[in-house]
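Enquirer:
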Amino acid sequence: MTQQQPLSIAGRSYQSRLLIGTGKYRDMAQAGEAIRASGAEIVTVAIRRTNIGQNADEENLLDVVPPSEFTILPNTAGCYTADDAVRVCRLARELLDGHDLVKLEVLGDPKTLYPDIPATLEAAERLVADGFKVMVYTSDDPIIARRLEEMGCVAVMPLASPIGSGLGIQNRYNLLTILENASVPIIVDAGVGTASDAAVAMELGADGVLLNTAVAAAQDPVLMASAMRKGIEAGREAYLAGRMPMRRYASASSPLEGTFWQGRQ
Amino acid sequence: MNANDPQITLYVNGTARSVPADSTVAQLVESLDLGQRRIAIELNGEVIPRSEHASRPLNDHDRIEIIRAIGGG
Numbered sequence: 000m001t002q003q004q005p006l007s008i009a010g011r012s013y014q015s016r017l018l019i020g021t022g023k024y025r026d027m028a029q030a031g032e033a034i035r036a037s038g039a040e041i042v043t044v045a046i047r048r049t050n051i052g053q054n055a056d057e058e059n060l061l062d063v064v065p066p067s068e069f070t071i072l073p074n075t076a077g078c079y080t081a082d083d084a085v086r087v088c089r090l091a092r093e094l095l096d097g098h099d100l101v102k103l104e105v106l107g108d109p110k111t112l113y114p115d116i117p118a119t120l121e122a123a124e125r126l127v128a129d130g131f132k133v134m135v136y137t138s139d140d141p142i143i144a145r146r147l148e149e150m151g152c153v154a155v156m157p158l159a160s161p162i163g164s165g166l167g168i169q170n171r172y173n174l175l176t177i178l179e180n181a182s183v184p185i186i187v188d189a190g191v192g193t194a195s196d197a198a199v200a201m202e203l204g205a206d207g208v209l210l211n212t213a214v215a216a217a218q219d220p221v222l223m224a225s226a227m228r229k230g231i232e233a234g235r236e237a238y239l240a241g242r243m244p245m246r247r248y249a250s251a252s253s254p255l256e257g258t259f260w261q262g263r264q
Numbered sequence: 000m001n002a003n004d005p006q007i008t009l010y011v012n013g014t015a016r017s018v019p020a021d022s023t024v025a026q027l028v029e030s031l032d033l034g035q036r037r038i039a040i041e042l043n044g045e046v047i048p049r050s051e052h053a054s055r056p057l058n059d060h061d062r063i064e065i066i067r068a069i070g071g072g
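Chains G and P are the protein sequences, given in the same order. The opening position of the first sequence corresponds to residue 0 in numbering that gives the first Met the number 0, with each subsequent residue numbered one higher. The opening position of the second sequence corresponds to residue 0 in numbering that gives the first Met the number 0, with each subsequent residue numbered one higher.
Below, the structure is given as structure tokens:
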């Protein structure tokens, strides 16, 4: 049987190939329960202003997903310029005691949340030069994915479809091209809607899947988190197993030899 | 604090706030009840490491951002 290799990012190994977001849950308890059910070891968080003078005993996200137990992946969600993204990453590194793995996303517009590629390239270059280990959200353009890898990003994360859309993988041929070219992990990030989408991404050969809304916006987020875990494991195993070739017409599974009735040729 | 003590105005997370003129970053954090919280601080665009909070003085019209991790994807 083909050996299952762990996912390796920036020198660290992970058994789970599911990376999960922490947004849009009903409350912290549900977020914690869903994240645990997902089996994810890498958990992405947003960086925002602290509430001042209100909710003094408000629960802290990092108590629910402690850095001692999870790899925390701060993201630059909501940033529309390279300057803002770099600023957020520097604050995140201080927040997490020097932890320098970040999820870079520089957005182009609020309707599509598509990445602004020139600004993403600029931010990636500055962050890599500043010592960050950059996992970068990008479009499914194979040329840009390769450029980001060459610049020193530790993982390239092409979208499957727009963030939060749940539309699944819209351009599997581009993803295949990105995967064929890559020598860093390729994580499909954004657009996964349900477990079969995650499985398809893994069957194509993706190294992992990052998702959030598909779990948080499910009727039962904890159950969907478990489904995603299984979808990703199933997709990975199917990829490693190597699927059968497709053919247009049927091929009987039972032998024709030995039939004792008059068969059809 | 005495009303006659000299005060300075800071912009903390975008909101004006008066503090005693000789305050440090650490004193501001304490006065906001954030001493035990996992936060990071930017002062006029520069990240201030936790180890420097106690020694870093604040000046009139400083812009301070106090950030944390929240849920997001």
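Backbone N, C-alpha and C define an ideal beta-carbon position, used for all residues, glycine too.
Output needed for G:A216: all residues of its chain with C-beta closer than 7 Å, excluding positions within five of it in sequence on either side, in chain order.
Expert: Once the five neighbours on either side are set aside, the close Cβ partners of G:A216 are K23.
Enquirer: Please list the terminal residues of the continuous alpha helix (DSSP H) segment that includes G:T119.
Expert: Here the alpha helix (DSSP H) through G:T119 covers 116-128.
Enquirer: Taking the alpha carbon of G:A200 as the point to measure from, which residue in G:L158, G:I162, G:A181 has its own alpha carbon closest?
Expert: With distances taken between Cα atoms, G:A200 lies closest to G:L158.
Enquirer: For a cutoff of 8 Å on Cβ pairs, would you count P:E51 as touching chain G?
Expert: For P:E51, the answer is no, since every Cβ of chain G falls outside 8 Å of its Cβ.
Enquirer: Give me the DSSP bridge partner(s) of P:L42.
Expert: In DSSP, P:L42 forms a bridge with P:E45, P:I63.
Enquirer: Check G:R48 in the structure and name its three-state DSSP category.
Expert: Strand at G:R48.
Enquirer: Is the CB of G:R48 under 8 Å away from at least one CB in chain P?
Expert: Yes - at least one Cβ of chain P is within 8 Å of the one on G:R48.
Enquirer: At a CB-CB cut-off below 9 Å, which residues of chain G make contact with P:L27?
Expert: Those within 9 Å of P:L27 in chain G number zero; the least Cβ separation is about 10 Å.
Enquirer: Answer with yes or no whether the minimum CB distance from P:V46 to chain G is below 8 Å.
Expert: It does; some Cβ of chain G falls within 8 Å.
Enquirer: With the cut-off set at 8 Å, would you say G:I168 and G:L178 are in Cβ contact?
Expert: It is not a contact, given that the beta carbons lie outside the stated cut-off.
Enquirer: DSSP three-state call for G:A144: helix, strand or coil?
Expert: Three-state result, G:A144: helix.
Enquirer: Looking at the structure shown, is G:A154 part of a helix, part of a strand, or coil, going by DSSP?
Expert: Note: G:A154 maps to strand in three-state DSSP.
Enquirer: Who are the neighbours of G:Y24 on chain P, taking C-beta pairs under 9 Å?
Expert: Under the 9 Å cutoff, chain P gives G70.
Enquirer: Confirm, please, whether the CB-CB distance from G:G207 to G:L6 is below 8 Å.
Expert: Yes, the Cβ-Cβ distance between G:L6 and G:G207 is below 8 Å.
Enquirer: Is any beta-carbon of chain P found at less than 8 Å from that of G:R16?
Expert: So no, G:R16 is outside the interface.
Enquirer: Are the C-beta atoms of G:T43 and some chain P residue less than 8 Å apart?
Expert: Yes - at least one Cβ of chain P is within 8 Å of the one on G:T43.
Enquirer: Using 8 Å as the Cβ pair cut-off and three pairs as the minimum, do the region 23-36 of chain P and the region 6-17 of chain G touch?
Expert: Short answer: they don't touch.
Enquirer: My assumption, with CB atoms under 8 Å, is that G:V191 sits in contact with G:I19. Please give the rounded CB distance.
Expert: That pair is no contact at about 11 Å.
Enquirer: G:L126 and G:C78: beta carbons closer than 8 Å?
Expert: Cβ distance not < 8 Å, so G:L126 and G:C78 don't count as in contact.
Enquirer: Cβ of G:E93 less than 8 Å from any chain P Cβ?
Expert: True, the Cβ-Cβ gap to chain P drops below 8 Å.
Enquirer: Do you know whose CA, among G:Q14, G:F131, G:A33, G:R228, lies nearest G:P220's CA?
Expert: Comparing Cα positions, the closest option is G:A33.
Enquirer: Counting only beta-carbon separations shorter than 8 Å, does P:R55 have a partner in chain G?
Expert: Taking Cβ atoms only, chain G never reaches closer than 8 Å to P:R55, which makes this a no.
Enquirer: Would P:N78 and G:T49 qualify as a contact pair, given that the criterion is a beta-carbon distance under 8 Å?
Expert: Absent from the structure is residue 78 of chain P, since the part of chain P shown begins at 0 and ends at 72.
Enquirer: Could one say the Cβ of G:N211 lies closer than 8 Å to chain P's Cβ atoms, at least one of them?
Expert: With 8 Å as the cut-off, G:N211 counts as an interface residue toward chain P.
Enquirer: Does G:G22 come out as helix, strand or coil in the three-state DSSP assignment?
Expert: Note: G:G22 maps to coil in three-state DSSP.
Enquirer: Given a threshold of 16 other Cβ atoms within 10 Å of its Cβ, counted over all protein chains shown, does G:F69 qualify as buried or as exposed?
Expert: Burial call: buried.
Enquirer: Check whether the Cβ of G:P73 lies closer than 8 Å to any Cβ atom in chain P.
Expert: G:P73 counts as touching chain P.
Enquirer: Provide the residue(s) that pair with P:R16 in DSSP beta bridges, ordered along the chain.
Expert: Note: P:R16 sits in a beta bridge opposite P:L9.
Enquirer: Nearest to G:V101 by CA position, among G:N211, G:A45, G:P244, G:N173, is which residue?
Expert: When each option's Cα is compared against that of G:V101, the closest is G:A45.
Enquirer: Quick one: what does DSSP say G:I265 is sitting in, helix, strand or coil?
Expert: Any question about residue 265 of chain G goes unanswered here, given that chain G covers just 0 to 264.
Enquirer: Can you list, in chain order, the residues of the region 226-245 of chain G whose Cβ is nearer than 8 Å to any Cβ on chain P?
Expert: Listed by position, the residues of the region 226-245 of chain G near chain P (Cβ gap below 8 Å) amount to none.
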